[in-house]
Amino acid sequence: MEKSRVGIIFGSRSVEHEVSVITAYQVIKAIDKEKYEPIPIYIKKDGEWVTAPESFGEFKNNYPNIKVKKIFISSNSLAKEGLFGTKIKIDIAFPLVHGTFGEDGTLQGMLEMINVPYVGSGVTGSAISMDKIVSKRLFSGLSLPIVDWLCFSRNNWREKSNEIIKEIQNRISFPLFVKPSSLGSSIGINKCETLDELSFALDVAFEYDYNVIVEKALSNVNEVNCAVLDSDDIITSLCEMPIVSDEFLTYGDKYKKGGKGKGMKGASRIIPAPISKEVTKKIQDMAVYAFRSCQCSGVARVDFFVTDDEKVYINEINTIPGSLSFFLFEPIGISFKELITRLIDIGFERAKKRKEIRYSVSYSIF
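Numbering-wise (my numbering), the sequence shown opens with residue 129 and increments by one.
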């Protein structure tokens, strides 16, 4: 049987660039080599698309001076510059770009425009989930519980910072979290307990995004996450409780605790989360509801806050979670290899369904 050629796309112009590299090479290592031929496609920090070595060790040891060849995209194929302009065709793309220009729907839209099947959520699900302002408004409309929050634009902050500070003081009490609206991996997030800290946190957050969220910091609370797999039937993973070293889950907690190259797998966590069966079921049901309502596909991790008195608040959805959250599915009998295979199958199936839709009509205009 001929192997399907899978374009593993990673890197890109994102502050989560390095996290994407780790996830990509975890997938390349775990993918079923008897069924698939992985084609590593690296997007450099300047946006240039190039080939990449299949060995993470080779990539890491020679980064950023890795030997690469530029590639370009043409309809229905990826082509590589080389002798005689030899083309490399892929059967399906596997986007593993975390954050901006990958997890926000832009890469998915490009792949749809050139008619390349791909793994994971589509344009709509990716864009909604990446933008915390949009997703929180959707959660609110769905009657999913969220913490008190406000949002502001960079222009608002520049033009009337004093009024914004007063509005935050009047509507949400300290302590607070300030977050860029469209970033992940806890980048640009700060906890504030004073006005000086709040002003500083807003300045920092606006360096990373045009829009910023300010939300109430709950007391006596833990983060609990649940992954969802859009297989033949929706599958929910076990819940996890990340172990934090500070007052919130930092970039270091997520990606540096277990050593280089381990990604989210290396973070400290408790699986299953030490919560009651009732709360676990509630979180799993809410995760599926949010997953479907945001029009997600493939795999996503839904993050929650759980207070000591068992109140549950939905936080956000990650449509390309670090390490694809494979460690949450392994305890229920789904290996990383099988997870990747299911995700590729889902991507092919969605592409097949898309071909059944009419995108043009015949009119005698000219």
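Using N, Cα and C, we set each Cβ at its ideal position, and we do this for glycine too.
So if DSSP puts residue i in a beta bridge, which residue, or which two residues, is it bridged to?
i: E368; result: N353
i: T435; result: V349
i: E165; result: R133
i: D361; result: Beta-bridge pairing links D361 to no other residue.
i: N446; result: R429
i: I171; result: G139, W177
i: Y246; result: A221
Keeping to the same chain, check which residues put their C-beta closer than 7 Å to that of residue i; ignore five residues upstream and five downstream.
i: L366; result: I399, P400, L456, P459, I460
i: A255; result: D232, G233
i: K264; result: I274, W277
i: R397; result: E368, M369, P370, I371
i: L323; result: I293
i: A495; result: Nothing about residue 495 can be read from this structure; the chain reaches only from 129 to 494.
In chain order, what residues of the same chain have a beta carbon less than 8 Å from the beta carbon of residue i, not counting five sequence neighbours either side?
i: R141; result: I171, K173, D174, G175, T228, F229
i: M414; result: L272, V430, F432, V440, I442
i: K480; result: none
Quick check on residue i: does DSSP put it in helix, strand or coil?
i: V340; result: strand
i: F138; result: strand
i: Y441; result: strand
i: D160; result: coil
i: Y491; result: coil
i: Y180; result: Note on residue identity: the sequence assigns Ala, not Tyr, to residue 180. In this structure, A180 counts as coil in the three-state DSSP scheme.
i: T214; result: Since pLDDT at T214 reaches only 49, below the 50 mark, its modelled position is unreliable, and the value read off the structure follows with that caveat. T214 falls in the coil class under three-state DSSP.
i: I222; result: Before going on, a small fix: residue 222 reads as Phe here, not Ile. F222 falls in the strand class under three-state DSSP.
i: Y379; result: Note on Y379: pLDDT 45, under 50, position unreliable in the model; no value is reported.
i: N189; result: helix
i: V149; result: helix
i: I256; result: helix
i: K198; result: strand
i: K465; result: helix
i: T397; result: The sequence as given places Arg at residue 397; Thr does not occur at that position. Of the three classes helix, strand and coil, the one that applies to R397 here is strand, per DSSP.
i: I124; result: This structure cannot settle anything about residue 124, because the visible part of the chain is limited to 129 through 494.
i: G230; result: coil
i: S495; result: The structure shown does not extend to residue 495, since the chain is modelled only from 129 through 494, so no value can be given for it.
i: Q154; result: helix
i: I485; result: coil
i: I403; result: coil
i: Q423; result: coil
i: E144; result: coil
Within its chain, find whatever has a CB closer than 6 Å to the CB of residue i; leave out the 5 residues flanking it on each side and keep chain order.
i: I218; result: R133, G135, I167, L206
i: W177; result: I171, I199
i: K78; result: Past the boundaries of the shown model lies residue 78; the chain is included only from 129 to 494, so the question cannot be answered.
i: S438; result: Reading the sequence as shown, one finds Glu at residue 438 and not Ser. Only V407 meet the Cβ criterion.
i: K307; result: I317, I341
*When the Cβ atoms of the region 167 to 186 are set against those of the region 460 to 470, are three or more pairs found closer than 8 Å?*
No contact exists between the region 167 to 186 and the region 460 to 470.
*asked:* Check whether the region 311 to 321 and the region 265 to 274 touch, using three or more Cβ-Cβ pairs below 8 Å as the test.
replied: No contact exists between the region 311 to 321 and the region 265 to 274.
*For the region 329 to 341 and the region 404 to 413, state whether three or more C-beta atom pairs, one from each stretch, are separated by less than 8 Å.*
Taking 8 Å as the limit for Cβ pairs, the verdict is that the region 404 to 413 does not touch the region 329 to 341.
*Taking only runs that begin and end inside the region 261 to 342, name each unbroken alpha helix (DSSP H) of 4 or more residues, in chain order.*
DSSP runs (the alpha helix (DSSP H)) wholly in the region 261 to 342: 282 to 287, 289 to 299, 323 to 336.
*Would the region 150 to 165 and the region 234 to 251 be scored as touching if the rule is three or more Cβ pairs under 8 Å?*
Too few Cβ pairs lie closer than 8 Å, so no.
*Should the region 470 to 489 be regarded as contacting the region 239 to 248, the criterion being three or more beta carbon pairs within less than 8 Å?*
Here the region 470 to 489 makes contact with the region 239 to 248; the two share three or more CB pairs at distances below 8 Å.
*Please determine if the region 344 to 357 and the region 283 to 296 are in contact, where contact requires at least 3 C-beta pairs separated by less than 8 Å.*
Pairwise C-beta distances place the region 344 to 357 out of contact with the region 283 to 296, as fewer than three of them are shorter than 8 Å.
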